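Taken in sequence, the protein lines are chains A and B. Take 303 as the starting number for the first sequence in the numbering used here and just add one per residue. Take 12 as the starting number for the second sequence in the numbering used here and just add one per residue. Where a beta carbon is used, it is the ideal one built from N, C-alpha and C, also for glycine. Keep in mind it's a predicted model, so treat the numbers as computed, not measured. A short write-up of the structure that comes next.
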Amino acid sequence: MATSVLEHRAPAIHHAHPKTGIWSWITTVDHKRIGILYGATAFLFFLLGGIEALIMRLQLMGPNGKLVDPDTFNALFTMHGTTMIFLGVMPLSAMFFNYFIPLQIGARDVAFPRLNAFSYWVFLLGGLFINASFLVGAPPNGGWFGYANLTSSRVIAATAAAPAPGMNIDFWVIGLQILGIASIAAALNFFVTIVNLRAPGMKMLRMPMFVWMSFVVQVLLLLAFPVITVALVFLMMDRNFGTSFFMPDGGGDPIMWQHLFWIFGHPEVYILILPAFGITSEILPVFSRKPLFGYTAMVFSGIFIGFVGFGVWSHHMFATGMGPFADTFFSMATMVIALPTGVKIFNWIGTIWGGSLRFTTAMMMALAMVALFIIGGLSGVMHSAPPADLQQTDTYFIVAHFHYVLFGGSIFGLTAGAYYWWPKMFGRLLDEGMGKAHFWLMFVGMNMTFFPMHFLGLNGMPRRVYTYPPGLGFEFWNKFETIGAFILAFSFLIFLVNIIKTWFGPANAPADPWHGATLEWSIPSPPQEFNFPKLPMVGSSVPQWDARRAAGGHLPEPALVSGADIPMPNPSYWPLVSAIGVFLVLGSLLFIRVNPVHWWQFTLFGVAVLFFGVFRWAFEPPH
Amino acid sequence: MDRRPERVGRAWLARTVLLGLVILAAACADNYPQTTLNPRSDITRLIDQLFRTTFWWAVVVFVLVEGALVYALWRFRAKPNDPEPVQTHGNTTLEIIWTAIPAVILVLIAIPTVKTIFKTSLPAPNPAVEVDVIGHQWYWEFRYPKLGVVTANELVVPQKKMIGLRMWSADVLHSFWSPQLAAKRDVFPIFSQTKLKKVNPLWFTADTVGDYTGQCAELCGIQHGRMGLRVIVLNDADFDKWVAAERVGSPLVEGGKVPAAVDSVWKADSIMTKGATTFLTGGCISCHAMVGTPLAGAMTLRGPNLSHVGGRTTIGANMYENTPTNLAQWLRDPQGMKKGSHMILPRPLTEDEIATLVAYLRAHK
């Protein structure tokens with residue numbers, strides 16, 4: 303039976319610690335505050351990635367674009383992809399994991415609150431590290447997939463303009479290693495939290511769908527990230543220590559990198575989309591006033607997607623010439639994934655079918671997520687056929703496909719989550735009028751930007767080209783897409799204004815503004831530090847609806863309680879010190895080639911900081 | 012040209028704008044010289060047929076599913092004083108049906124997929140012309156081992172004959188893509204001193220005479236975006252004539268030696284003699300093989316073989332028309348013409364030298 307670890311701890315003296323001010327945020331171990339930190343940081347990185355995209359769109363607006371030079375363009379798409387995946391969508395999902403997994407399972411915090419703070423600080427430092435490359439003029443430029451041997455080679459990849467290899471790829475390799483530590487630590491934390499800290503009565507098959515999809519994501523993270531970690535270590539050794547893991551002139555094989563990268567990279571795709579699936583599965587029932595259709599099928603299709611997601615990686619490599627048998631295997635495995643995905647889509651339609659639909663911004667975003675994901679799924683089936691993929695891979699058709707999946711799917715889903723859960727997080731409802739303007743402009747801009755990419759790709763425009771010559775017929779749609787991209791950007795400006803306006807607006811959100819189904823709506827908005835004064839008893843997958851029904855349709859506003867007798871973990875800055883230690887250890891690797899004699903002294907210093915941080919952390923009293 | 016999709020397009024346009032746009036794009040394939048939707052060879056036609064199969068299935072699914080979604084949005088929108096909807100939790104029969112139907116559709120896509128995989132991914136059984144394709148940062152080298160030709164960036168082939176490509180790279184990964192004729196395949200570095208030899212096959216039989224564009228499709232460094240290529244399809248007579256011309260001074264024919272008769276003509280020609288001297292003293296020779304110079308037979312230099320560059324239609328990997336002005340500017344400022352290119356002049360060339368080299372290079376057809 304799942305009970306809270308926190309509940310069993312001996313009551314300790316509740317230290318008087320600051321509740322406001324910068325120091326309270328630096329030392330916080332409260333999952334809600336860490337969630338907000340994740341969200342704010344990730345949103346800033348997301349805007350940065352968006353600006354990178356806008357510069358690319360301006361460069362491609364017409365043929366022979368001269369806005370940026372070719373190397374800058376390579377850096378822009380590399381950093382756009384890296385930023386959006388590792389610093390945008392993943393941490394935005396982590397915001398929701400942090401804030402809502404404990405609330406939805408009826409827990410007072412995550413299993414390891416200080417580890418949670420550590421994950422955030424490592425993520426922040428990793429994101430700053432990768433982007434610091436811009437400041438020293440060496441941004442990563444080998445693509446977010448970093449294919450060896452372009453990234454491993456030290457001689458042949460050098461250009462006439464820069465004969466010695468720069469630190470560009472080193473920033474990328476080390477930055478991803480830092481971010482990987484944050485992801486693995488967070489995944490362990492949420493995995494244990496979901497397994498151990500569920501409220502009494504919340505069986506696995508009563509968990510909210512968002513928690514279920516998050517659970518699958520944590521498993522994927524735990525299994526996928528070690529693979530990229532190993533691959534990145536190999537790549538770093540090739541670059542710095544003369545090994546030949548991926549260098550053909552020393553007997554290595556560049557295709558090995560592709561296998562390792564995509565064994566991580568394909569599950570990564572599901573890491574990006576499943577949280578949005580979970581959010582959509584929360585929102586549609588609430589605004590249809592009907593429970594999720596086919597709950598069990600939804601759970602198992604999510605698990606199935608995660609499982610088969612590990613067996614399809616080579617569909618990213620059909621053009622490498624793997625031979626007909628491997629092509630057939632990976633093609634069939636890929637097509638099979640369409641089945642559980644289809645089940646999800648049909649169940650969503652089944653959920654709204656016969657309901658009473660309220661078109662709030664959150665609902666519209668979630669419905670658009672379903673509608674747009676269908677398009678991305680169908681184009682995915684088109685290039686699951688290897689011969690067709692021989693024309694489509696590395697073209698704008700693929701760019702269209704994954705933006706329908708990741709923008710249409712993930713970003714619409716996460717934005718839906720933001721509108722849905724904003725009142726719970728901040729006690730204020732986002733403005734619905736501005737929300738709808740945001741929605742429509744985002745929807746139109748999204749389709750204007752990405753739909754014509756299907757035409758461009760099929761009509762011969764490859765990806766990752768800094769420009770294209772006139773006469774290939776690419777001019778019209780590229781200009782059209784650039785206009786669409788600015789409409790898209792403008793929609794997020796409205797969102798930003800909405801956030802600021804709401805920030806200074808009145809605290810107008812009741813505990814349960816939407817008549818939600820899950821436990822987070824049973825407590826005040828925003829929740830108190832300890833979340834639940836008394837751990838709830840759960841009898842179904844829609845406990846808040848049960849409570850509302852039992853109360854005759856009207857629930858009283860939950861009262862604020864003192865909670866002085868509830869033991870909560872102390873704030874701590876040792877997670878931050880430990881994160882700085884990790885940052886110094888890995889960051890020192892940047893200087894291997896710059897200072898081959900002394901770089902390791904930097905590493906030793908980092909090890910000392912890390913050791914000191916972890917030591918003090920280990921012997922710190924918990925309460 | 013192909014008018015069929017246009018006619019079909021009109022009928023569909025009324026039903027859905029998006030669908031109409033897709034067909035419009037297909038109908039306008041004439042305006043896209045690099046399109047994949049207007050196949051001009053046997054292999055690209057096989058691929059196109061498979062694509063159209065999955066495309067139309069996708070259209071059917073798209074219309075039905077999005078249709079159901081949009082219908083539900085409209086039909087079940089909340090009205091004032093709606094009673095609580097019926098709290099259904101699922102329907103096993105329905106769920107089995109909507110899992111089974113997509114499974115059947117997938118099987119209908121999978122069968123032609125597997126058939127096409129086995130037709131397209133194996134090496135050519137009996138190619139009439141064999142070409143070795145070698146990717147370089149940032150140009151394409153084409154060697155015809157049996158015909159004794161080495162050239163760059165413009166793959167010249169006869170029509171209606173099976174062309175067998177064997178492809179690899181001299182440095183990083185590239186991807187050979189000729190959308191209308193040969194689709195796409197990655198090329199991998201191959202180093203003779205190791206056992207690793209990943210040579211990728213590709214084959215095609217071009218329908219008709221024509222000039223087709225293509226380009227590298229795998230990120231390969233700063234100039235990936237302008238690593239273009241052309242495939243020029245000739246009739247048999249023109250192809251034979253081209254081969255005969257290219258064989259003169261080819262590294263594959265007597266190590267680049269030219270016949271005595273040709274040699275004596277060149278010795279008497281001031282453009283040829285002055286040009287050859289400038290090619291040596293200007294430093295061009297350190298990267299480029301050139302007929303009539305000591306390194307005419309070299310196969311492993313970094314730059315493209317220039318022996319018959321005057322006969323090519325473009326320079327800089329399909330980036331500029333091969334005109335005297337462009338060639339002169341290329342020799343004056345290669346980094347300005349193609350930033351990051353490996354073409355670095357050991358020393359700036361004088362205007363006299365540039366004029367000499369332009370005349371000399373253009374004389375070598």
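Measuring only the C-alpha atoms, how far is LEU230 (chain B) from THR622 (chain A)? As a first step, residue 230 (chain B) must be located in the second sequence, where it is residue number 219. As a first step, residue 622 (chain A) must be located in the first sequence, where it is residue number 320. Those two C-alpha atoms are separated by around 14 Å.
Would you say ASN451 (chain A) lies against chain B (beta-carbon separation less than 8 Å)? Translated into the one-based positions of the first sequence, residue 451 (chain A) becomes position 149. Taking Cβ atoms only, chain B reaches closer than 8 Å to ASN451 (chain A), which makes this a yes.
Close Cβ partners of GLY267 (chain B) (< 6 Å) along its chain, the five nearest in sequence each way excluded: Counting from one through the second sequence, the residue named residue 267 (chain B) turns up at place 256. Cβ within range, chain order: GLY260, ALA307 and GLY308.
Just to confirm before moving on: does the CB-CB distance between GLY656 (chain A) and THR99 (chain B) stay below 8 Å? To locate residue 656 (chain A), count along the first sequence from 1; it is residue 354. To locate residue 99 (chain B), count along the second sequence from 1; it is residue 88. For the pair GLY656 (chain A) and THR99 (chain B), the CB atoms are nearer than the 8 Å cut-off.
Boundaries of the alpha helix (DSSP H) in which VAL879 (chain A) is found, first to last residue: Translated into positions along the first sequence, residue 879 (chain A) becomes position 577. Under the DSSP assignment, VAL879 (chain A) falls in the alpha helix (DSSP H) whose first and last residues are 876-889.
For ILE471 (chain A) and ASN443 (chain A), I'd like the C-alpha separation in whole angstroms. As a position in the first sequence, residue 471 (chain A) is number 169, starting the count at 1. As a position in the first sequence, residue 443 (chain A) is number 141, starting the count at 1. Using only the alpha carbons, I get a separation of about 7 Å.
Measuring only between beta-carbons, confirm whether CYS231 (chain B) sits less than 8 Å from chain A. For this step, residue 231 (chain B) is matched to residue 220 along the second sequence. Yes - at least one Cβ of chain A is within 8 Å of the one on CYS231 (chain B).
Return the chain-ordered list of same chain residues with a C-beta closer than 6 Å to the C-beta of VAL457 (chain A), the five sequence neighbours on each side being excluded. Here residue 457 (chain A) refers to the residue found at position 155 of the first sequence. The predicted model places VAL457 (chain A) with a pLDDT of 49, which falls under 50 and marks its position as unreliable; any figure quoted below should be read in that light. For VAL457 (chain A), where only same-chain residues beyond five positions count, there are no Cβ hits under 6 Å.
Which listed residue (A:PRO812, A:LEU795, A:ALA881 and A:GLN406) has its alpha carbon closest to that of PRO502 (chain A): For the purposes of this step, residue 502 (chain A) is identified with residue 200 of the first sequence, where counting begins at 1. Checked all of A:PRO812, A:LEU795, A:ALA881 and A:GLN406; the closest Cα to PRO502 (chain A) is A:GLN406.
Residue-chain proximity (ASP251 (chain B), chain A), Cβ-Cβ < 8 Å: Here the question's residue 251 (chain B) lines up with position 240 in the second sequence. So, not an interface residue.
Sorted by chain position, which residues of the same chain lie with C-beta nearer than 6 Å to PRO689 (chain A)'s C-beta, five sequence neighbours on each side aside? Indexing the first sequence from 1 puts residue 689 (chain A) at position 387. Within the same chain, no Cβ atom closer than 6 Å to the Cβ of PRO689 (chain A) is found once the five residues on either side in sequence are excluded.
With a threshold of 7 Å on Cβ separation, who are the neighbours of ALA791 (chain A) within its own chain once the five nearest residues in sequence on each side are excluded? Working through the first sequence from its first residue, we reach residue 791 (chain A) at position 489. Short of 7 Å from the beta carbon of ALA791 (chain A), and not among the five residues preceding or following it, lie these beta carbons of its own chain, in chain order: GLY352 and LEU356.
Nearest-angstrom Cα separation, counted from LEU427 (chain A) out to SER890 (chain A): Residue mapping note: residue 890 (chain A) aligns to position 588 of the first sequence, counting from 1. Residue mapping note: residue 427 (chain A) aligns to position 125 of the first sequence, counting from 1. If I take the Cα positions, the gap works out to 14 Å.
PRO270 (chain B) at chain A interface by Cβ criterion, 8 Å: Taking the first residue of the second sequence as position 1, residue 270 (chain B) is located at position 259. For PRO270 (chain B), no Cβ of chain A is located within less than 8 Å of the residue's own Cβ.
Can you tell me whether LEU798 (chain A) is buried or exposed? The criterion is at least 16 other CB atoms within 10 Å of its CB, across all chains shown. Taking the first residue of the first sequence as position 1, residue 798 (chain A) is located at position 496. LEU798 (chain A) is exposed by the Cβ-count criterion.
Between PRO593 (chain A) and VAL844 (chain A), which are expected to be in contact by the criterion C-beta below 8 Å, what is the C-beta distance as a whole number of angstroms? As a position in the first sequence, residue 593 (chain A) is number 291, starting the count at 1. As a position in the first sequence, residue 844 (chain A) is number 542, starting the count at 1. Sure, about 6 Å apart at Cβ, within 8 Å.
Using a Cβ-Cβ distance under 8 Å, would THR361 (chain B) count as near chain A? Position 350 of the second sequence, counted from the start, is the residue given in the question as residue 361 (chain B). Using a CB distance cut-off of 8 Å, THR361 (chain B) does not count as an interface residue toward chain A.
Rounded distance between the beta-carbons of GLY477 (chain A) and PHE431 (chain A), thought under 8 Å: Counting from 1 along the first sequence, the entry for residue 431 (chain A) is found at position 129. Counting from 1 along the first sequence, the entry for residue 477 (chain A) is found at position 175. Contact between PHE431 (chain A) and GLY477 (chain A) holds, since their C-beta atoms are separated by about 5 Å, short of 8 Å.
Residues in its own chain within less than 6 Å of VAL167 (chain B) by CB, not counting five upstream and five downstream? Along the second sequence, read from residue 1 onward, the residue named residue 167 (chain B) stands at position 156. Counting only Cβ-Cβ distances below 6 Å, and skipping sequence neighbours, we find ILE243 and TRP253.
From what residue to what residue does the beta strand (DSSP E) around GLU77 (chain B) run? Position 66 of the second sequence, counted from the start, is the residue given in the question as residue 77 (chain B). GLU77 (chain B) -> not in any beta strand (DSSP E); alpha helix (DSSP H) instead, spanning 53-86.
Can you list, in chain order, the residues of the stretch 618-642 of chain A whose Cβ is nearer than 7 Å to any Cβ on chain B? Listed in chain order, the positions of the stretch 618-642 of chain A with a beta carbon within less than 7 Å of a beta carbon of chain B are ALA621, THR622, GLY623, GLY625, PRO626, ASP629, THR630, SER633, MET634, MET637, ALA640 and LEU641.
Using a Cβ cut-off of 9 Å, which residues of the stretch 123-149 of chain B contact any Cβ in chain A, in chain order? Residues of the stretch 123-149 of chain B with a C-beta less than 9 Å from any C-beta of chain A: PRO123, THR124, VAL125, THR127, ILE128, PHE129, LYS130, THR131, SER132, LEU133 and GLN148, listed in chain order.
8 Å is my cut-off, CB to CB: does ASP371 (chain A) come that close to chain B? Counted from its first residue, the first sequence places residue 371 (chain A) at position 69. For ASP371 (chain A), the answer is yes, since a Cβ of chain B falls inside 8 Å of its Cβ.
For the alpha helix (DSSP H) that contains ASP274 (chain B), what are its first and last residues? By 1-based counting over the second sequence, the position of residue 274 (chain B) is 263. 271-278 is the span of the alpha helix (DSSP H), which, as asked, contains ASP274 (chain B).
How many angstroms separate the CA atom of ALA459 (chain A) from the CA atom of MET549 (chain A)? As a working note, residue 459 (chain A) is residue 157 in the first sequence. As a working note, residue 549 (chain A) is residue 247 in the first sequence. Confidence in ALA459 (chain A) is poor, its pLDDT being 49 and thus under 50, which makes the residue's placement unreliable; the coordinate value appears in the next sentence. When rounded, the distance between both Cα atoms is 12 Å.
Just to confirm, is the Cβ distance from PHE492 (chain A) to SER516 (chain A) under 8 Å? Within the first sequence, the letter at position 190 stands for residue 492 (chain A). Within the first sequence, the letter at position 214 stands for residue 516 (chain A). Contact flag set, yes.
Could you please give the first and the last residue of the uninterrupted alpha helix (DSSP H) stretch that includes ILE145 (chain B)? Position 134 of the second sequence, counted from the start, is the residue given in the question as residue 145 (chain B). Premise fails: ILE145 (chain B) lies in the beta strand (DSSP E), 140-147, not in any alpha helix (DSSP H).
Measure the CB-CB distance between TRP559 (chain A) and ALA440 (chain A) and report whether it falls below 8 Å. Here residue 559 (chain A) refers to the residue found at position 257 of the first sequence. Here residue 440 (chain A) refers to the residue found at position 138 of the first sequence. ALA440 (chain A) sits away from TRP559 (chain A), with the two beta carbons spaced by 8 Å or more.
Rounded straight-line distance, which links the Cα of VAL412 (chain A) to that of LEU404 (chain A): Locating residue 404 (chain A) in the first sequence gives position 102, where the first residue counts as 1. Locating residue 412 (chain A) in the first sequence gives position 110, where the first residue counts as 1. It should be noted that the sequence gives Pro, not Leu, for residue 404 (chain A). Rounded to whole angstroms, PRO404 (chain A) to VAL412 (chain A) spans 6 Å at the Cα level.
Within its chain, find whatever has a CB closer than 7 Å to the CB of LEU360 (chain A); leave out the 5 residues flanking it on each side and keep chain order. Mapped onto the first sequence, residue 360 (chain A) falls at position 58. Its chain contains LEU369 and THR784 as the residues whose beta carbon lies nearer than 7 Å to that of LEU360 (chain A), once the 5 sequence neighbours on both sides are disregarded; these appear in chain order.
Reduced DSSP category for ALA440 (chain A) - H, G, I as helix; E, B as strand; rest coil: For this step, residue 440 (chain A) is matched to residue 138 along the first sequence. DSSP places ALA440 (chain A) in coil when its eight states are reduced to three.
Does any residue of chain B have a CB that is nearer than 8 Å to the CB of VAL683 (chain A)? Along the first sequence, one-based indexing puts residue 683 (chain A) at 381. Chain B contact via Cβ: present.
Segments of 4+ residues assigned as alpha helix (DSSP H) that fall wholly inside the stretch 225-284 of chain B: Fully enclosed alpha helix (DSSP H) runs of no fewer than 4 residues occupy 247-258 and 271-278 of the stretch 225-284 of chain B, in order along the chain.
Contact between the stretch 116-131 of chain B and the stretch 680-687 of chain A: three or more CB pairs below 8 Å? The stretch 116-131 of chain B vs the stretch 680-687 of chain A: in contact.
To the nearest angstrom, report how far apart ASP2 (chain B) and TRP919 (chain A) are at their CA atoms. The structure shown does not extend to residue 2 (chain B), since chain B spans only 12 to 376, so no value can be given for it.
ILE58 (chain B) and GLN693 (chain A) look like a contact to me (Cβ under 8 Å); what is the Cβ gap, rounded to whole Å? For the purposes of this step, residue 58 (chain B) is taken as residue 47 along the second sequence, with counting starting at 1. For the purposes of this step, residue 693 (chain A) is taken as residue 391 along the first sequence, with counting starting at 1. Going by Cβ atoms, the distance from ILE58 (chain B) to GLN693 (chain A) rounds to 6 Å, so yes, they are a contact pair.
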